[in-house]
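Asks: Structure in structure tokens, see below.
4 protein chains.
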Amino acid sequence: MLRQYLRVRDDTLALAASLSAEDQCVQSMPDASPTKWHLAHTTWFFETMLLRPFSPHYQVFNDQYHYLFNSYYESLGSRHPRPQRGLLTRPSADEVIEYRRYVDAAMQELIEHARGDAWPQLKPLLLLGLNHEQQHQELLLTDILHLLSCNPLLPAYRSGSDKDSLSPASISAAHGLTWLSHPGGTVGIGCAGTGDDDDFAFDNETPRHNVLLSPYRLADRLLTCGEYAEFILDGGYRQAGLWLSDGWATVQAQGWKAPAYWMAPDEVVAGIEGWEIFGLDGVRPLDPWAPVTNISFYEAAAYAEWAQARLPNEFEWEAAAGDPRMAQVTGHAWQWTRSSYDPYPGFRSAPGAVGEYNGKFMVGQLVLRGSSFATPPGHTRVTYRNFFPPNARWQFSGLRLARDNI
Amino acid sequence: MLRQYLRVRDDTLALAASLSAEDQCVQSMPDASPTKWHLAHTTWFFETMLLRPFSPHYQVFNDQYHYLFNSYYESLGSRHPRPQRGLLTRPSADEVIEYRRYVDAAMQELIEHARGDAWPQLKPLLLLGLNHEQQHQELLLTDILHLLSCNPLLPAYRSGSDKDSLSPASISAAHGLTWLSHPGGTVGIGCAGTGDDDDFAFDNETPRHNVLLSPYRLADRLLTCGEYAEFILDGGYRQAGLWLSDGWATVQAQGWKAPAYWMAPDEVVAGIEGWEIFGLDGVRPLDPWAPVTNISFYEAAAYAEWAQARLPNEFEWEAAAGDPRMAQVTGHAWQWTRSSYDPYPGFRSAPGAVGEYNGKFMVGQLVLRGSSFATPPGHTRVTYRNFFPPNARWQFSGLRLARDNI
Amino acid sequence: MLRQYLRVRDDTLALAASLSAEDQCVQSMPDASPTKWHLAHTTWFFETMLLRPFSPHYQVFNDQYHYLFNSYYESLGSRHPRPQRGLLTRPSADEVIEYRRYVDAAMQELIEHARGDAWPQLKPLLLLGLNHEQQHQELLLTDILHLLSCNPLLPAYRSGSDKDSLSPASISAAHGLTWLSHPGGTVGIGCAGTGDDDDFAFDNETPRHNVLLSPYRLADRLLTCGEYAEFILDGGYRQAGLWLSDGWATVQAQGWKAPAYWMAPDEVVAGIEGWEIFGLDGVRPLDPWAPVTNISFYEAAAYAEWAQARLPNEFEWEAAAGDPRMAQVTGHAWQWTRSSYDPYPGFRSAPGAVGEYNGKFMVGQLVLRGSSFATPPGHTRVTYRNFFPPNARWQFSGLRLARDNI
Amino acid sequence: MLRQYLRVRDDTLALAASLSAEDQCVQSMPDASPTKWHLAHTTWFFETMLLRPFSPHYQVFNDQYHYLFNSYYESLGSRHPRPQRGLLTRPSADEVIEYRRYVDAAMQELIEHARGDAWPQLKPLLLLGLNHEQQHQELLLTDILHLLSCNPLLPAYRSGSDKDSLSPASISAAHGLTWLSHPGGTVGIGCAGTGDDDDFAFDNETPRHNVLLSPYRLADRLLTCGEYAEFILDGGYRQAGLWLSDGWATVQAQGWKAPAYWMAPDEVVAGIEGWEIFGLDGVRPLDPWAPVTNISFYEAAAYAEWAQARLPNEFEWEAAAGDPRMAQVTGHAWQWTRSSYDPYPGFRSAPGAVGEYNGKFMVGQLVLRGSSFATPPGHTRVTYRNFFPPNARWQFSGLRLARDNI
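Protein chains in written order, with UniProt numbering: chain L, 1 to 406; chain G, 1 to 406; chain P, 1 to 406; chain R, 1 to 406.
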């Protein structure tokens, strides 16, 4: 467990390594947090959920950090307003690193010397903390990309030899779309519990329960940028009839004409020629075989309507996820589903602060399944439920098409 | 059919009869429309969906009304902005009545002389138009109540002998809450189609399909104002832990301390003494045995949390609706469910303008079931799906509690 | 005095006579008030400032009207929020007429039977009330024009034989612009006091004081629509360099391309062909010799910059107003000056509520001089200081050019 | 001149020296700019106004900086939006220092080798650039103070031995307020021109002209914090009658209860006990003999009303500024006047980009006179016209009372 702890913690630091203190400090919109805040908040999580209750001699690093780095836990008191996280030029990036080291040392002590009878309480919280930190690793990347995109210089997050790992990988150009049939029927959905390490899960994946599905078909791969570009070139962003009402209102209010970070050529010509996409590797020509990312649910649903298909619901996705013919299930792009983020039957939040982790967000959002190229390896599951509001575009969110099987 | 048509149309006029031309003209918020607009828009619906396509010699009453009274049909062209409906002092209330008479005469002609082979096309649209008008009859009441509530004089919509029919009826004080058990299992949900008159349904209730339910319990009656008042007096509006995150943000931003239209006494004393509620009959003392209405989904969910219960999902509600022990199923208050307004498996919108009726709103809203004291008699069904955003409070929306059966 | 009182009061009613109760009720923007509100507020002014303090036996018409129809007098208690004046469908238009009659009867009694020793106190307040009502007569017209302009039907405020009186009169096409020289030097500005009826003045015109002016020149007539159209056709609304910084920001935020109520032809051709203007008489072709109206200070200043001229300051305007060669001094269009609305040296507000009439608005506004075609005859003076924020366009505001005399 | 150039440029760097790269990057509100942006923009000014036109072989440091660091010069093309200046984590603080060095070297070259016939053109622009940079030196301080005040840790801008220089100095406790009488009459105001170095002035101080003043009295010193505290303790922020209408609306909308950066004690006791003020030196107890700063024009005017006095207009201030009995004329706090920022008679903006420096802001602002403890020594004059909107509080703005002499 200690090795796992140290590895996850190091991974976070590695993601911040290419950024200056300035890059790490600024917040570009209320939804996105500064890198430094991610580094501190994940540390605060271990301090608050583990060290304070379980380490009797632990001395808090700095009392004021409890106010500064609490994200949204109402039961833990008031906190620094989310839209103002970028105003915290102090503590400095260096002080936050020091805070991490201090907490890591205490956590090492706790993990190594935990009494056997404390372990059943400790372990789920430790696993929660590590999974929490992994979620922030991905957010760190989506958030810094948004910040850098606001800079007219369009600086790359990372450049040089490591480049390839931070763009979504292309699928083979020969991979035409195949529809995989699923017979439907009663399928088991979700996890029995959040319990032990072999099958850690968030509480929103529980309890496991049966769902009845009609027969359906699912695309064997993700939608590509090339396919999405056809929708744009066919005037998809100008046809109200393709859009949900709220989606159309958003298109008009925001002036959307393409996914986030897509840059049209100065003079539009036929096809995708001249289109570029800004990503963690900087500005690159649109790759027609890469999965489309950074689209909202509204755009995903409008595309599906245009393609005379639909989005799968989250149960259809989960039931088919084990099919060996399904490509790009995880590790490429989060996949919007046509499922609102509602609680599973029998779901109850845990008591205390950790109960605020997921349950209180179960309204007004949509479920995404799978994981993206920016998700830490090993962090996802077929039962994993990611969720964002329908207008969110700064995540690496794409889509996989579905159809009724009739 | 003609009798039915004329009755529905007359009912709408009767609802406007007690209002002055001024009352009918003003719009108090973007969500609510003026009475006059309701009178005109429902007429426009018949003119546009029936007379224009099916009455070859029909002369449009006024070309500009097509722009003024289109609500949200993108496929029918641009329209007067929703938040500006109250600026239309012209056409006058009298001119709108004249418009209604003109269209009614043409509709009478159409219905009486429709050729037999046209009827299969006409009839569903006629039924849709009548159900559409009934929906607006209820909206007319909720909207005028909101307008009158903005006037410091707090004028009653209607006074005198008819009073009783426009307040939610109390349940007997002896009616304690009983939990009705349901075994769960596979249940049939929704309607097969929108087809013929014996079973008119909106498209959002289709297709009929099976759903698997866990065992559950449902309250045999609605939540009362007296019960809800206990939640207030216990500090329910001050305890973040009871609320969904968006709900808590709304409570704080809006300063909510009670349902809409509830008026606290100048000096709060123990219990419900001194509390009053503004309604269509004017200001009245809080009736502890009347069903609570005019609460948002957020409040319904917070109350349920406080009561260690939950809201039913819409399938649980529908499956139990036929139980003869269930009181107040319809005709008292709409009942918030814990179901987001998602499409049923296999749902497809109809082609053309009528396809915009329901489908494009299927995101960001919650389902309500049943009907209220303000719903026209005969307008609802156990499969009926009403829907509003989670913060909406100007509808006659209440709740029925549910629990897991474990 | 009584005759004067009754005439002014009747004039107000006459202005409302062509409007329906609906027209009189609605508010189209926070700056503009409904006709009915003007009718009631001016009545409230007499009730509050004269009848309550000076008529011992006067019974208030309706206690709640004190809250509803107080405009902005903080010392008289809280009041109905300005942006919600249009929500008052009650009291009805008829009830407001009744309120006027009731107060008029009491005022008649007061004026006829006022004791001689009370008259010195009464008379200035009576004059203030009448001048106040005359101001609202003009506002009634500017406000109803704004409301009607929001209706896609573009209904005329008044039609038929009286038409001509409600459009700004044209000047002779032969009237080229002549620059009138003024030697400058010490000039007397303003009024000595607000005292007796021969020289009623508002407090903001006092005290009279001397101002030192440099030599300057003033246009002998107002700017015409034809001249302003040249500015538009030369791209005036697209050249940042002509505009004050706040003005340019407003042009871009509001998308201004012409004065308020100007309607460009569908296809722009050379010159003013096809341009129309919506006014109290409805839509009419642009008259090149009519004074331009409904422009903001920003537009007036930008035009002057484009014309290599400037706006006069209010002292230059006042010093030249008596020159018999100056045409269109009053009765055509209010004339923006390059003077911020600051207090005159030695200005003190009166004690009590009437002290709130003018003084507290002396920041952030610009002075306009003269009067418009919609100003009641006899209401203005050469010392009269009208004032509006620099972005206001719904008044009948135009300009007269000035130049340094060098 | 070169020595002067280098000294001013070094002074700017010295002000940034105590700040981390993070501190220098963040923007806390649209009105305030990041330190790094100030460092770059002042450099851009020299590059754009001097090096580009006058140094034939000058190579621009970075083409994109022209877009990033143009503040508001419309004639120089589009620019990075003001509210997004804090999103520029690149160029880094180090790169901006490099930019400064590069431009400084080129400027040194230009100054040393300027041909004699170029000097008459160069010199005024050089002086303008230096005065411009000095203005930004003060803004750098007011802006960083605002940023630090948004941090719950309330870090000091600078600590240690230099402290005293960055708080407003107290006046002797024995210095009671004396009213200095001025006879009024014709006084000369402003500067003849912006010309040569003995009397550099901004264009808004020109042309010199005569103004006629009534007799008046002026306080011989600034208002103190102790005096202002009495206004607060007397309920000044709760009495509508003391405030201009816009001021009262602002008090209510913003919840103002004291000047910016004043911190009330947890429990309010009589007098100033327990009050603290956050400043560049961190949190310090309120010093009753220090001049009040960080108040808006609205607050200054309300205080004056409460004190049965008034604010001086800018001409009264200027005419009395030379009186040897006037204390704290400059170097303590900017002094709000009762003068709107209007152009002087005969004022004309210079042609070209430098003409945008002052003239286009002459509406909606108020004039402040004097200078503050944060103004660079030598930067002000008795004719100097500073200006800010009436609600601005983040400047070191205070007041000096005036009264009519009657």
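Even glycine gets a Cβ: it sits at the ideal position worked out from N, Cα and C.
Since the structure is predicted, the reported quantities are computational estimates derived from the model, not experimental observations.
Which residue's Cα is closest to the Cα of R82/R: L311/R, P120/R, A32/R?
Replies: Per the Cα distances, A32/R.
Asks: From which residue to which residue does the alpha helix (DSSP H) around I171/R run?
Replies: Unbroken run through I171/R: none, as it is neither H nor E.
Asks: Suppose you measure from the CA of E138/R to the CA of L233/P; what does that come to, to the nearest Å?
Replies: If you take the alpha carbons of E138/R and L233/P, they lie about 44 Å apart.
Asks: Residue range of the beta strand (DSSP E) that G236/L falls in?
Replies: Per DSSP, G236/L belongs to no beta strand (DSSP E) and is neither H nor E.
Asks: Can you find a C-beta in chain L that's less than 9 Å from the C-beta of R338/G?
Replies: Yes, contact with chain L.
Asks: Among T383/R, A270/R, E273/R, D143/R, which has the Cα closest to the Cα of G86/R?
Replies: Closest option to G86/R, Cα to Cα, is D143/R.
Asks: Provide the residue span of the beta strand (DSSP E) that contains A219/G, from first to last.
Replies: A219/G -> beta strand (DSSP E) spans 216 to 219.
Asks: If the cut-off is 8 Å on Cβ atoms, which residues from the UniProt domain "DinB-like" (4 to 138) of chain L count as contacting chain G, listed in chain order?
Replies: Answer in chain order: Y72, E74, S75.
Asks: Comparing alpha-carbon positions, which option in N62/G, H175/G, Q252/G lies nearest D220/G?
Replies: Residue H175/G is the option with its Cα nearest to D220/G.
Asks: Strictly below 8 Å CB to CB, what residues from chain P border V382/R?
Replies: Those do not exist, as V382/R stays about 20 Å from chain P at its closest Cβ, beyond 8 Å.
Asks: According to DSSP, which residues form a beta bridge with M263/L?
Replies: Beta-bridge pairing links M263/L to E276/L.
Asks: Based on DSSP bridge pairs, tell me the residues matched to R400/L.
Replies: R400/L is not bridged to any residue.
Asks: Beta-carbon separation of T194/G and L130/G under 9 Å?
Replies: No, the Cβ-Cβ distance between T194/G and L130/G is not below 9 Å.
Asks: Output yes if chain P places a C-beta closer than 9 Å to the C-beta of W243/R; else output no.
Replies: Cβ-Cβ to chain P under 9 Å: yes for W243/R.
Asks: Within 9 Å of any Cβ in chain P, is that where the Cβ of L399/R sits?
Replies: No - not a single Cβ of chain P is within 9 Å of the one on L399/R.
Asks: Report buried or exposed for D10/G, applying the criterion of at least 16 other Cβ atoms within 10 angstroms of its Cβ.
Replies: The residue is exposed, with fewer than 16 neighbouring Cβ atoms inside 10 Å.
Asks: Using the Cα positions of T178/P and G364/R, report the straight-line distance between them to the nearest angstrom.
Replies: Each residue's alpha carbon lies about 32 Å from the other.
Asks: In this structure, does DSSP put R393/G in helix, strand or coil?
Replies: Here R393/G sits in coil by DSSP.
Asks: Show which residues of chain R have a CB atom less than 8 Å away from the CB atom of M362/P.
Replies: Near M362/P (Cβ distances below 8 Å), the residues of chain R are L244.
Asks: Thinking just about the alpha-carbon of each residue, which of L166/P, L126/P, Q24/P, N70/P is nearest to the one in I97/P?
Replies: Closest option to I97/P, Cα to Cα, is Q24/P.
Asks: Please name the residue, chosen from G331/R, E314/R, P56/R, L88/R, that lies closest to L213/R on a Cα-to-Cα basis.
Replies: For L213/R, the nearest C-alpha among the options comes from E314/R.
Asks: Is residue 424/R near N210/R, with beta carbons less than 9 Å apart?
Replies: Here chain R has residues from 1 to 406 only, and residue 424/R is not among them.
Asks: Would you please state the rounded distance, in angstroms, between the beta carbons of Y216/G and G184/G? I believe it to be under 8 Å.
Replies: Right, their Cβ atoms sit about 6 Å apart.
Asks: Relative to the C-alpha of A319/L, which candidate in I111/L, H182/L, P34/L has its C-alpha closest?
Replies: For the residues I111/L, H182/L, P34/L, the minimum Cα distance to A319/L belongs to H182/L.
Asks: Give the DSSP-derived three-state secondary structure of T375/R in the structure shown.
Replies: Coil.
Asks: Quick one: does A350/R have its CB under 9 Å from some CB of chain P?
Replies: For A350/R, the answer is no, since every Cβ of chain P falls outside 9 Å of its Cβ.
Asks: Using a Cβ-Cβ distance cut-off of 9 Å, determine whether C225/P contacts chain G.
Replies: No - not a single Cβ of chain G is within 9 Å of the one on C225/P.
Asks: Alpha carbon to alpha carbon, how far is E22/G from L166/P? Give it in angstroms, no decimals.
Replies: Looking at the two C-alpha atoms, the distance is approximately 26 Å.
Asks: Can you list, in chain order, the residues of the stretch 227 to 240 of chain L whose Cβ is nearer than 8 Å to any Cβ on chain G?
Replies: Answer in chain order: A240.
Asks: Taking 9 Å as the threshold (beta carbon to beta carbon), is G271/G in contact with chain L?
Replies: So no, G271/G is outside the interface.
Asks: Within 9 Å of any Cβ in chain P, is that where the Cβ of C191/G sits?
Replies: It does not; no Cβ of chain P falls within 9 Å.
Asks: What are the complete alpha helix (DSSP H) segments, minimum 4 residues, inside the stretch 50 to 113 of chain R?
Replies: Within the stretch 50 to 113 of chain R, the complete alpha helix (DSSP H) runs of at least 4 residues are 65 to 69, 93 to 113.
Asks: Below 8 Å on the Cβ atoms is my contact criterion, and I expect F373/R with W334/R to pass it. Report the Cβ-Cβ distance as a whole number of Å.
Replies: The Cβ separation is near 10 Å, so there is no contact.
Asks: Step through the CB atoms of chain R and report whether any lies within less than 9 Å of the CB of N313/P.
Replies: Output row for N313/P: interface = yes.
Asks: Please state the DSSP three-state secondary structure of G185/L.
Replies: Correct three-state label for G185/L: strand.
Asks: Could you tell me whether any Cβ in chain G is nearer than 9 Å to the Cβ of Y341/L?
Replies: By this cut-off, Y341/L is an interface position.
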